[in-house]
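Going letter by letter, the sequence shown gives residues 0 to 660 in numbering that gives the first Met the number 0.
Cβ coordinates follow ideal geometry from the N, Cα and C atoms, glycine included.
So the structure is just underneath, and the comments pick up after that.
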Amino acid sequence: MSTEQLPLLTGSFCSVALTWRPRLKFLTNIALAAVVATASVLLWPPDRLNWRPLGLVQNFERLGYDAMFAARGPELDRIDPRIVVVGFEQQSEQSLGANWPPPRAVHAAVIDRLVRDGASLIVYDVLFSGPSPHGANDDRALDAALIRSKGEVVLSMRINRSIVGSTQSKNIEAPYSDDSLGIDFEGHAATGFAEIPQDEDDAVRWLMPALAFQGQWTPSLASAAYLRLKGLSDSDIDVLPSAVRIGNLRVPRSGPTGTDVQDHTSVPNALLNFPGGLDSFPSVPFEQVALGQFRPGLFKGKIVLVGVTGPQITKELQEQYVTAYSHLHPEQSGSVFQSRIPGVVLQAQNLNTLLSQTFLTALPTGQLWILVFFFALLGTTAARQYINWRGPVALILVCTAYVGICYALFNFEHIHAPWVLPLALMFLSASAVAWLERGALRRKWAGYVSPEVLEVILREGGGEAQHFDATVIFGDIRGFTALTAKHNAQRVMRLLNLHFEKMTEILQKDNGTIDKFLGDGMIALFGCPVPQKDAAIRAVRSSWDMCQASKVAVVDAGEEFVLESGFGVTSGPFVAGHVGSRRHHNFTIIGEVVNIASRLQGVTGGADLVIDEATYQQVRLHVTVEPLGAIDLKGQPEPLPAYKVTSWSNSPREDVSNTLQ
């Protein structure tokens, strides 16, 4: 081919490459970002992909939710000032001379004193089921106090689940009643279940406003208290696909929808916006109320929740809970820090959420997808654009911005957007992009240099020049100039690619290194940059195979073309290393052997292989040759012996006499 035609071919190819490669990269980035966004919305909340092995992964997202509370801290302005906790502690046992639970007559005294002091509602996080161990009079005392409260008391009940053989059952353990004794705790007070939903890691993050029982929605203890405060009944609860309505209050179903294992009914959950931890609400010792040792008017207009708060008692009764707020934000209690809070305080937080209507909502799926997609696209683009240190720095900035937006949504808008799983997926996708980009660079250079040189390029961007004593191949397609005159540039480029694909495959099979392509020619090396004891044997064997392969036609658009190639092979010393700038560089060789190989190739008439004396002496047991005598080579001071290889044997011959024709 002529030197005038080479720029035309190269320009056509580069024009196509420059047009499509950026588009292909951009489309790949979009595809990866879409995968990250889709995976993020599928993995959270957990009920969307109810696959147990994902539980461990989703626990990390739960910790991310807890971390938002730890970063935000308490929201004292969102705590209803009417809520007060009356807590039974170790001191209460000593003052009253009774262990937990004290006689029901003591609770009757507490209710009477709270009602007389003006409490607007009394919520008991205590289950009064079954008769009192202290006798019927003890039950009558509490029943009478409930009657005197005129319905301003909410009592706890329990929903029991059991499995007997293959039969599953669910029943309510209600407050005690006995018609024969005229005792009816349940009939004289509102009731609500005190069950608290916990995640797989035993932390509390959800509010469960109602449960289905025998076709009716049963309120939780907090919901029952809210209904009584608003003058509503249990029939005012309505569970919708997206919310639970308690009268006019709309509780968003922002948590994962559970399923009751007994009757397979839906369990609606809402993200609980914890205003604080252990000391969220004022607390008054139980014994002070029972003995009347408190300031008059202290409970006027207050919503009083009664339950156990002593650390030892709550531990024994398993009434301690880790919440999303306290999990990563332990608070000091006495001389120790603890992350567990009493159940009655948690019930107070549930009621506070209903009263203040400060619910946390989940970012809608569509908006979450768009948000994650945008940042994932930024991250993958940064990782692809900058393979060096700038890539990781840009990715960290992108991920930081995403977490910042999630925190802003959480803190100011009370919207939860998952960030741990999307962040992990962003890092994975960015790593994949960087790996793919590095792989693309590896594949690009692998067609020209050995893997060892490629590692230097990837690691350092180049290598120091070294002296080598190795073998050089110079190859060229015979009559290619005439071929280019008959066909358009696109076909010529396709033919070249098909031809060099064959040549490259043969060279790489023998661990050769392609130094460069020169239009329709090529320079290849053996024994450089990694020394090979049998470099000459490998070089001649590969050259012979390439000669034979060049006689086989390549096919383009159904038309066959034979691109016979001639090869010149020489062995000797030269210098090799990286030459060029930081942005553009090539591994190349400098020395007389390149010129000799080129001149030897020029001696060939067709698909021939011509080698010099130094090479022949190293491969003579493998070849049959036709001596060409000493030939004049341009640039050489004297003629050099040359040999045309006529056959090749992979096994060395014992008799060397027949290797010359």
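- The C-beta distance from H187 to L126 rounds to 16 Å, too long to meet the 8 Å contact threshold.
- Looking at the backbone, the Cα of L210 and that of D65 are separated by about 25 Å.
- In this structure, the CA atom of N272 is about 40 Å from the CA atom of F25.
- In this structure, DSSP gives I78 a state outside helix and strand, which the three-state scheme calls coil.
- Looking at the backbone, the Cα of H328 and that of S176 are separated by about 42 Å.
- Of P102, P638 and P255, the smallest CA-CA separation from L627 is found for P638.
- The beta carbon of D475 sits closer than 7 Å to those of D519, G520, S564, G565 and Q600, all from its chain and outside the five residues before and after it, given in chain order.
- Uninterrupted alpha helix (DSSP H) stretches at least 4 residues long and entirely within the stretch 280-358 occur at 285-289, 310-315, 323-326 and 342-355, given in chain order.
- By the C-beta criterion, the stretch 536-544 is judged to be in contact with the stretch 605-624, since at least 3 inter-stretch pairs fall below 8 Å.
- It is roughly 15 Å from the alpha-carbon of D278 to the alpha-carbon of F87.
- Secondary-structure assignment with DSSP links M156 through a beta bridge to F192.
- Note on V551: under 16 other CB atoms within 10 angstroms of its CB, so exposed under the neighbour-count rule.
- Assignment of beta-bridge partners to M521 by DSSP yields G474 and F516.
- Within the same chain, G565 and V609 come within 6 Å of T603 by CB-CB distance, once the 5 residues on both sides are set aside.
- Here the stretch 368-377 does not lie against the stretch 340-359, with fewer than 3 beta-carbon pairs under 8 Å apart.
- C-alpha of G296 to C-alpha of V56: approximately 51 Å in a straight line.
- Counting the other Cβ atoms within 10 Å of the Cβ of V402 gives 16 or more, which makes it buried.
- DSSP places L95 outside any beta strand (DSSP E); the residue lies instead in the alpha helix (DSSP H), whose first and last residues are Q89 to L95.
- Assignment of P572 by DSSP, reduced to helix, strand and coil, places it in the strand class.
- Counting other Cβ atoms within 10 Å of its Cβ, E60 reaches 16 or more and is therefore classed as buried.
- Sorting A189, D468 and D138 by C-alpha distance to the C-alpha of A107 places D138 at the top.
- Using a Cβ-Cβ distance cut-off of 8 Å, the stretch 346-353 and the stretch 375-384 are not in contact, since fewer than three pairs of beta carbons, one from each stretch, lie closer than that value.
- V491 and L482 have their C-alpha atoms some 8 Å from each other.
- For the set R249, M502, N28 and G72, the Cα lying nearest the Cα of Y406 is the one of G72.
- Counted as a single uninterrupted DSSP element, the alpha helix (DSSP H) harbouring F373 occupies residues T364 to Q384.
- By alpha-carbon distance to V109, the top candidate from Q93, Q292 and G567 is Q292.
- In the DSSP assignment, S219 falls outside any beta strand (DSSP E) and carries neither an H nor an E.
- Between L524 and G511 a beta carbon distance of about 7 Å is seen, short of the 8 Å cut, so the two are scored as contacting.
- Of all C-beta pairs linking the stretch 215-230 to the stretch 240-254, three or more are shorter than 8 Å, placing the two stretches in contact.
- In the DSSP secondary-structure assignment, I121 is bridged to V152 and V303.
- Scanning its chain for C-beta atoms nearer than 8 Å, with the 5 sequence neighbours on each side dropped, one finds around A189 the residues G150, V152, V153, L154, A223, A224, L226 and R227, in chain order.
- Separation of the CB atoms of V83 and F280 is rounded to 6 Å, and the pair is thereby assigned contact status at 8 Å.
- By the neighbour-count criterion, in which 16 or more other beta carbons inside 10 Å mark a residue as buried, W434 falls on the exposed side.
- Counted as a single uninterrupted DSSP element, the beta strand (DSSP E) harbouring D237 occupies residues I236 to V238.
- Between W216 and I236 the beta-carbon gap is near 4 Å, inside 8 Å, which marks them as a contact.
- Here the alpha carbons of Q547 and M502 stand approximately 10 Å from one another.
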